[in-house]
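Engineer: Chains G and F, in that order, give the protein sequences.
Residues 3 to 85, numbered by our numbering, are exactly what the first sequence covers, in order.
Residues 403 to 805, numbered by our numbering, are exactly what the second sequence covers, in order.
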Amino acid sequence: MSFLLTCPHCGVREVTDFGYGGEVTKRPTGSPDRRELNTYNYFRRNVAGVQREWWYHRSGCRAWFIAERDTTTNEVHKTEAVG
Amino acid sequence: MRDLLRRRRMWRRRPELKRSYDVVIIGAGSHGLATAYYLRRHGITDVAILDRSYIGSGAAGRNTTILRSNYKTPEGARFYDASVRLYEGLGAELDFNLLFSRRGHLTLAHSDRALAVMANRAEVNRLEGIDSRLIGPDRVAELAPTMYVGPDTTYPIMGALHHPPGGIIRHDAVVWGLARGADEGGAEIHPHTEVTGLRREGDRITAVETGRGTVAAGTVLNCTAGWSTLLCDMAGVRLPITTHILQACVTEPVKPFLDVVVVSSQMHVYISQSDRGEFVMGSEIEPWTTYRMQNTLNFLQDLTRHTLELFPQLERARLLRAWAGLCDISPDYSPILGRTEVENFHVSAGWGTYGFKAAPIVGRTLAELVATGRTPELIAPFALERFHTDELVSELAAAAVSH
């Protein structure tokens with residue numbers, strides 16, 4: 003089955019309501035060299051377990067938020083608004 | 403007669419793991435088994451293939467069995483063409499019927515943009531000596547006379563990329579045939595043997611830790627596709643990969659009425675009729691990452707709706723099975739093949755939705771890398787290092803829709 007996400011603004015919706023923004027990554031600071039920049043652009047942790055990730059409520063409030071989801075079960079532990 | 407009915411094992415059961423092997427291959431799917439099979443040619447037979455589950459339990463047993471080589475980049479087209487050519491002779495070589503059916507492959511165009519991209523692909527393909535051409539709607543109707551091509555569809559058919567060498571092959575038979583070939587050469591197949599850790603000393607992996615004990619290894623190959631990141635983590639190697647599910651389903655058998663493979667990028671479907679009469683259909687990956695292999699309802703809704711637009715005859719057909727498999731998607735939709743920063747640890751990863759069709763050439767080239775220590779020219783463009791040197795091989799146009 004697919005799963006449900008709780009939008010911090012609109013409440014519980016089906017996953018098809020949302021756009022997926024990928025795992026939360028740490029932006030390089032200062033002036034990164036090419037290796038650091040490409041690592042940031044392309045390389046991912048791709049964890050099997052709880053992952054902090056970006057979602058976008060495409061068919062709702064159109065806000066970005068963060069969810070914690072277990073990628074081995076698709077269970078969403080929590081969602082939180084940003085900014 | 404008795405001999406005909408005698409039960410024969412395709413490969414030997416190996417009760418014990420040895421203390422050490424020249425080569426340890428992690429993942430007994432089509433890539434791992436093919437590599438063991440081709441290592442035989444180089445006289446390398448002290449090989450163990452380990453799998454967490456039964457052989458062919460991952461993507462090798464979950465794909466939609468389609469072979470083709472009409473890719474967008476010269477590097478990709480050349481590589482997959484070598485694979486399709488190996489597949490052509492593989493049944494005879496393995497002395498095992500792989501039910502290869504070279505029936506032709508149609509990628510439908512529903513827009514001017516799609517036609518333009520396909521024209522480009524046909525040119526790239528022909529320069530590589532691959533039979534691939536753009537055809538009009540009339541020819542599409544001739545090649546697939548039972549497909550509904552009427553103008554009153556959601557996405558009218560404006561043409562197609564026709565690829566006559568494309569076809570389907572029995573995926574389980576490929577796994578079994580390669581396993582038998584590898585076993586005959588002396589390689590040991592160890593199913594239900596999960597790798598739990600990799601011991602790294604400096605730039606080398608010295609041993610592989612498994613649920614059945616630790617084995618020393620000369621060379622370690624990671625052929626675990628969807629799980630590649632997790633195995634590379636154990637070696638301290640990072641990958642530019644995310645894991646997603648791809649889903650497919652199959653109908654009950656019906657009379658044969660489709661003898662080409664039909665793909666529509668816009669409708670996110672690829673359809674073929676198996677030799678048993680079943681319609682095998684696949685769709686697009688889910689956008690979110692997951693390691694959970696379970697179907698979604700929106701997949702079934704979208705896939706069946708689009709399939710029925712093309713084949714309304716299937717309206718009353720019942721689905722026998724639906725399933726999901728893991729796909730390791732790379733940023734440029736091309737594989738990551740060969741060396742890593744760890745000297746004796748190589749990968750076959752980033753296979754997204756196109757790994758099965760590459761199995762024989764992956765086996766042959768990885769075996770060559772292990773035997774000679776040199777990266778074969780055919781796979782040099784797919785090195786992991788390309789993500790640091792900005793030399794991506796973009797197959798977005800030809801591979802992003804999964805078939």
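Positions of the beta carbon are idealized from the N, C-alpha and C atoms, including for glycine.
#1: I'd like to know whether the C-beta of G/S4 is nearer than 8 Å to at least one C-beta of chain F.
#2: If you measure from the beta carbon of G/Y42 to each beta carbon in chain F, is any gap under 8 Å?
#3: Does the Cβ of F/D483 have 16 or more other Cβ atoms within 10 Å, making it buried, or fewer, making it exposed?
#4: Return the bridge partner residues of F/H356 from the DSSP annotation.
#5: How is F/K759 classed by DSSP in three states: helix, strand or coil?
#6: Any residues in the segment 41-73 of chain G with a beta carbon nearer than 7 Å to a beta carbon of chain F? Which ones, in chain order?
#7: With a CB to CB cut of under 7 Å and the five nearest residues on each side skipped, what residues in its chain are close to F/T556?
#8: With 8 Å set as the bound, which would you pick, yes or no: does the beta-carbon of G/R37 sit closer than that to a beta-carbon of chain F?
#9: Looking at the strands, I want to know which residues DSSP matches up with G/R53.
#10: Are the C-beta of F/P737 and some C-beta of chain A separated by less than 8 Å?
#11: Output the distance between the C-alpha atoms of G/C12 and F/T644, rounded to the nearest integer angstrom.
#12: Among the residues of its own chain, which have a CB less than 7 Å from the CB of F/D497, if the five just before and after it don't count?
#13: Below 6 Å CB to CB, which residues in the same chain sit around F/A799 once its five sequence neighbours on both sides are set aside?
#14: Can you tell me which residues form a DSSP beta bridge with F/L722?
#15: So what does DSSP say about F/F747, is it helix, strand or coil?
#16: Quick check on the DSSP output: the alpha helix (DSSP H) that includes F/S513 runs from which residue to which?
#17: Does chain F have any CB closer than 8 Å to the CB of G/T75?
#18: Leaving out five residues on either side along the sequence, give the residues of the same chain with a beta carbon under 8 Å from the beta carbon of F/P714.
#19: In chain order, what residues of the segment 774-805 of chain F put their CB closer than 8 Å to some CB of chain G?
#20: Can you tell me whether DSSP reads F/N700 as helix, strand or coil?
#21: Just to confirm, is the Cβ distance from F/W413 to F/D585 under 8 Å?
#22: Less than 8 Å between the C-beta atoms of F/H512 and F/P553, yes or no?
#23: Find out if the Cβ-Cβ distance for the pair F/T612, F/V597 is shorter than 8 Å.
#24: Applying a beta-carbon distance threshold of less than 7 Å, which residues of chain G neighbour F/P733?
#25: Could you tell me the boundaries of the alpha helix (DSSP H) in which F/E477 lies?
#26: Could you name each continuous beta strand (DSSP E) segment of 3 residues or more that falls completely within the segment 643-720 of chain F, going from the start of the chain to the end?
#27: In whole angstroms, what separates the C-alpha of F/L435 from that of F/W578?
#28: Would you kindly work out how many angstroms separate the C-alpha atoms of F/S432 and F/Q696, rounded to a whole number?
#29: Can you find the residues in the same chain that come closer than 6 Å, C-beta to C-beta, to F/Y756, ignoring five residues on each side of it along the sequence?
#30: I need the straight-line Cα distance from F/A383 to F/F681, nearest angstrom please.
#31: How would you list, in chain order, the residues of chain G whose beta-carbon sits under 7 Å from the beta-carbon of F/R640?
#32: Measuring alpha carbon to alpha carbon, tell me which of F/S736, F/A462, F/W629, F/E743 ends up nearest F/R480.
#33: Check whether chain G comes within 8 Å of F/Y693, counting only Cβ atoms and requiring the distance to be less than that.
#34: What do you get for F/E688, buried or exposed, if any count of 16 or more other CB atoms within 10 angstroms of its CB means buried?
#35: For F/H805, name the three-state secondary structure that DSSP assigns.
#36: Determine the direct distance from the alpha carbon of F/A726 to that of F/T691, and round the result to whole angstroms.
Structural biologist: Judging by the given coordinates:
#1: yes
#2: no
#3: buried
#4: Outside the shown range of chain F (403 to 805) lies residue 356 of chain F, about which nothing can therefore be said.
#5: helix
#6: Y44, F45, R46, N48, A50, T73
#7: E711
#8: yes
#9: It is worth fixing the name first, because residue 53 of chain G is Gln in this sequence and not Arg. The partner list for G/Q53 (beta bridge, DSSP) reads G/R71.
#10: Chain labels in this structure do not include chain A; the protein chains are G and F.
#11: 28 Å
#12: none
#13: K474, V519
#14: According to DSSP, F/L722 bridges with nothing at all.
#15: strand
#16: Neither: F/S513 is in no alpha helix (DSSP H) and is coded neither H nor E.
#17: yes
#18: Y550
#19: F789, H790, D792
#20: helix
#21: yes
#22: no
#23: yes
#24: Y44
#25: 476-496
#26: 644-653, 663-666, 671-675, 681-684
#27: 9 Å
#28: 22 Å
#29: A801
#30: Here chain F has residues from 403 to 805 only, and residue 383 of chain F is not among them.
#31: F45
#32: F/S736
#33: yes
#34: buried
#35: A caution first: F/H805 carries a pLDDT of 48, below 50, which makes its placement in the model too unreliable to give a value.
#36: 13 Å
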